[in-house]
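Visitor:
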Amino acid sequence: MAVPSELKYSKEHEWVKVEGNTVTIGITEYAQGELGDIVFVELPEVDDEINEGDTFGSVESVKTVSELYAPVSGKVVESNDELEDSPEFVNESPYEKAWMVKVELSDESQIDELLTAEQYSEMIGE
Numbered sequence: 001m002a003v004p005s006e007l008k009y010s011k012e013h014e015w016v017k018v019e020g021n022t023v024t025i026g027i028t029e030y031a032q033g034e035l036g037d038i039v040f041v042e043l044p045e046v047d048d049e050i051n052e053g054d055t056f057g058s059v060e061s062v063k064t065v066s067e068l069y070a071p072v073s074g075k076v077v078e079s080n081d082e083l084e085d086s087p088e089f090v091n092e093s094p095y096e097k098a099w100m101v102k103v104e105l106s107d108e109s110q111i112d113e114l115l116t117a118e119q120y121s122e123m124i125g126e
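Using UniProt numbering, read the sequence shown as starting at 1 and increasing by one per residue.
1. Any idea if residue 57 is buried or exposed, counting beta-carbon neighbours within 10 angstroms, 16 or more meaning buried?
2. Hey, how far is the Cα of residue 104 from the Cα of residue 75?
3. Around the C-beta of residue 100, are 16 or more other C-beta atoms found within 10 angstroms, so that it is buried, or is it exposed?
4. Since residue 41 is in the beta strand (DSSP E), which residue starts that stretch and which ends it?
5. Here's a check: name, in chain order, each residue in its chain whose Cβ is nearer than 7 Å to the Cβ of residue 67, leaving out the five neighbours to either side.
6. If you follow the beta strand (DSSP E) that residue 105 is part of, which residue opens it and which one closes it?
7. Closest to residue 106 by C-alpha separation, out of 46, 42, 52 and 26, would be which residue?
8. Runs of 4 residues minimum, wholly inside the region 59 to 103: which ones carry the alpha helix (DSSP H) assignment?
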């Protein structure tokens, strides 16, 4: 199972790609595998504020609906609208095509609280 080493991870199975004071957020390969076939994705609008630990959207699979939890706080600067028409990208390409949102950080120190790839791999038993 892929756990890219250049990313950070939350305990709720979101991945975070850090680029300066902006981060890209998605769900991990492990998470999409647990959910099964994704049929719908609900994401926040551009300019919405999200807060660490709060829900910022949801992913619906044939099995269940799962909330998305913000691993960091900040302002949404881009939302992946392609997922509305192609939610299957979450299953097919969780780290590439299926990024969820890009967020301008309000507190860069929150990045330090996230898990490394090694820590996340241990958490999921890989």
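Don't be surprised by glycine CBs; every beta carbon is placed ideally from N, CA and C.
Guide: Taking the definition as stated:
1. Buried, by the Cβ-count rule.
2. 5 Å
3. buried
4. 38 to 42
5. Around residue 67: 55 and 58.
6. Residues 101 to 105.
7. Between residue 106 and the set 46, 42, 52 and 26, the nearest pair of CA atoms involves 52.
8. 82 to 85 and 89 to 92
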